[in-house]
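J.: Handing you this structure, nothing more for now.
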Amino acid sequence: MAFGNYKTIGAVIKEFQIIYTESDFVEALPFNISDYFREDLTLMMREGVVDNSEFAICENLIYPVLKEIWKQYRSKFLLWSHQSLIYDEKLSGFPEYILAKRSPLGKVVFDRPYLILVEAKQDNFEAAWGQCIAEMIAAQRLNAELDVVIFGIASNGNFWQLGKLEQNTFTRNSTFYSIQEIDKLVAAVNFIFHQCEIGLDRINTLTGAA
Numbered sequence: 199m200a201f202g203n204y205k206t207i208g209a210v211i212k213e214f215q216i217i218y219t220e221s222d223f224v225e226a227l228p229f230n231i232s233d234y235f236r237e238d239l240t241l242m243m244r245e246g247v248v249d250n251s252e253f254a255i256c257e258n259l260i261y262p263v264l265k266e267i268w269k270q271y272r273s274k275f276l277l278w279s280h281q282s283l284i285y286d287e288k289l290s291g292f293p294e295y296i297l298a299k300r301s302p303l304g305k306v307v308f309d310r311p312y313l314i315l316v317e318a319k320q321d322n323f324e325a326a327w328g329q330c331i332a333e334m335i336a337a338q339r340l341n342a343e344l345d346v347v348i349f350g351i352a353s354n355g356n357f358w359q360l361g362k363l364e365q366n367t368f369t370r371n372s373t374f375y376s377i378q379e380i381d382k383l384v385a386a387v388n389f390i391f392h393q394c395e396i397g398l399d400r401i402n403t404l405t406g407a408a
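One rule links them: number in the numbering used here = place in the sequence shown (from 1) + 198.
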């Protein structure tokens with residue numbers, strides 16, 4: 199997989215001539231977590247094997263959080279798991295998760311724009327971001343004329359880092375989040391979902407789409 203060839207942030211930034219910055223662009227957007235979700239996550243973290251592999255991290259820690267928030271946005275977006283994303287030989291592979299527009303043709307269609315790319319690694323955020331930024335660049339190029347901000351999430355399950363790609367500038371949010379403080383984490387992820395909704399609404403207004 200070509201995305202996996204990028205092992206550091208510097209390598210992908212240099213190859214694609216992306217400007218790298220850091221700032222606190224994420225604003226907490228409170229999200230009401232269901233009691234079931236909170237209790238199930240607590241149980242899994244206390245009793246389950248949740249982080250022995252990247253697959254376990256995805257299934258037990260990352261996907262449940264994304265799914266809980268996605269449900270509030272499901273009329274506009276689909277959350278794809280390990281879906282093939284191909285721009286060219288260098289920018290291709292299978293991101294952990296992709297948030298994409300819900301196609302008017304139905305949930306079986308992987309439709310543009312692609313808005314959030316998620317990458318999981320076991321305690322290697324440098325490699326996670328190298329791969330995630332490459333995925334974000336691919337999504338941006340595939341979106342083509344659909345001028346929209348692409349968001350990225352790199353996580354080891356416990357800690358979550360957020361970033362965005364806007365034109366030729368990648369910004370990593372200075373503040374990191376922890377699943378141990380689930381309300382703060384969910385409020386941060388909810389913010390980027392909401393930003394995606396704003397971006398999609400703007401595109402629909404400009405194009406006259408439903």
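Glycine is no exception: its CB is placed at the ideal position from the N, C-alpha and C atoms.
No experiment lies behind these values; they were computed from the predicted model shown.
Roughly how many angstroms lie between the CA atoms of Val347 and Gly397, to the nearest whole one?
T.: Here residue 347 corresponds to residue number 149 of the sequence shown, with the count starting at 1. Here residue 397 corresponds to residue number 199 of the sequence shown, with the count starting at 1. Taking the straight line joining both Cα atoms gives about 7 Å.
J.: Could you name the residues of the same chain whose beta carbon sits closer than 6 Å to that of Phe389, not counting the 5 residues immediately before and after it, in chain order?
T.: Within the sequence shown, the letter at position 191 stands for residue 389. Contacts found: Val224, Glu225, Leu227.
J.: Relative to the C-alpha of Ser221, which residue among Ile260, Glu257, Thr367 is closest?
T.: For the purposes of this step, residue 221 is taken as residue 23 along the sequence shown, with counting starting at 1. Nearest of Ile260, Glu257, Thr367 to Ser221, Cα basis: Thr367.
J.: To the nearest angstrom, how far is it from the Cα of Ile296 to the Cα of Asp381?
T.: Along the sequence shown, one-based indexing puts residue 296 at 98. Along the sequence shown, one-based indexing puts residue 381 at 183. For Ile296 and Asp381, the distance between alpha carbons rounds to 22 Å.
J.: Tell me which residues share the same chain as Met334 and place their Cβ nearer than 6 Å to its Cβ, disregarding the 5 neighbours each side in the sequence.
T.: Taking the sequence shown and counting its residues from 1, one reaches residue 334 at position 136. The answer, listed in chain order, is Leu315, Ile348, Gly350, Leu363.
J.: Could you check which residue in Arg310, Glu294, Gln393 has the C-alpha nearest to that of Gly202?
T.: Your numbering for residue 202 matches position 4 in the sequence shown. Gly202 has its Cα closest to that of Glu294, out of Arg310, Glu294, Gln393.
J.: Using DSSP bridges, identify the partner residues of Ala254.
T.: Position 56 of the sequence shown holds residue 254. In DSSP, Ala254 forms no bridge with anything.
J.: With C-beta atoms as the reference, is Leu241 less than 8 Å away from Asp249?
T.: Locating residue 241 in the sequence shown gives position 43, counting from the first residue. Locating residue 249 in the sequence shown gives position 51, counting from the first residue. Not closer than 8 Å, so no.
J.: Among Phe391, Asp345, Tyr218, Tyr375, which one has its Cα closest to the Cα of Arg400?
T.: Within the sequence shown, residue 400 is the residue found at index 202, counting from 1. That would be Asp345, whose Cα lies nearest to the Cα of Arg400.
J.: My parser needs the beta strand (DSSP E) runs of 3 or more residues fully inside the stretch 304 to 347; what are they?
T.: For the stretch 304 to 347, whole beta strand (DSSP E) runs of length 3 or above, ordered along the chain, are 308 to 318.
J.: Alpha carbon to alpha carbon, what distance is there between Leu283 and Leu289?
T.: Within the sequence shown, numbered from 1, the residue matching residue 289 stands at position 91. Within the sequence shown, numbered from 1, the residue matching residue 283 stands at position 85. Leu289 and Leu283: Cα-Cα distance of roughly 8 Å.
J.: Out of Leu303, Gln359, Val387, point me to the one whose CA is closest to Val263's CA.
T.: Indexing the sequence shown from 1 puts residue 263 at position 65. The option with the nearest alpha carbon to Val263 is Val387.
J.: With a cut-off of 8 Å on the beta carbons, I'd call Tyr375 and Arg339 a contact; round off their distance for me.
T.: The residue given as residue 375 occupies position 177 in the sequence shown. The residue given as residue 339 occupies position 141 in the sequence shown. That belief does not hold up - the Cβ atoms of Tyr375 and Arg339 are roughly 28 Å apart, past 8 Å.
J.: What separation, rounded to the nearest whole angstrom, lies between the Cα atoms of Ala209 and Asp233?
T.: The residue labelled residue 209 in the question sits at position 11 within the sequence shown. The residue labelled residue 233 in the question sits at position 35 within the sequence shown. Going by the C-alpha atoms only, they are around 43 Å apart.
J.: Based on the DSSP secondary-structure assignment, which residues constitute the bridge partners of Gln359?
T.: Against the sequence shown, residue 359 aligns to sequence position 161. According to DSSP, which records beta bridges pairwise, Gln359 is partnered with Ala352.
J.: Please classify Lys299: is it buried, with 16 or more other beta-carbons within 10 angstroms of its beta-carbon, or exposed?
T.: Here residue 299 is taken as the residue at index 101 of the sequence shown, counted from 1. Buried, because 16 or more other Cβ atoms sit within 10 Å of the Cβ of Lys299.
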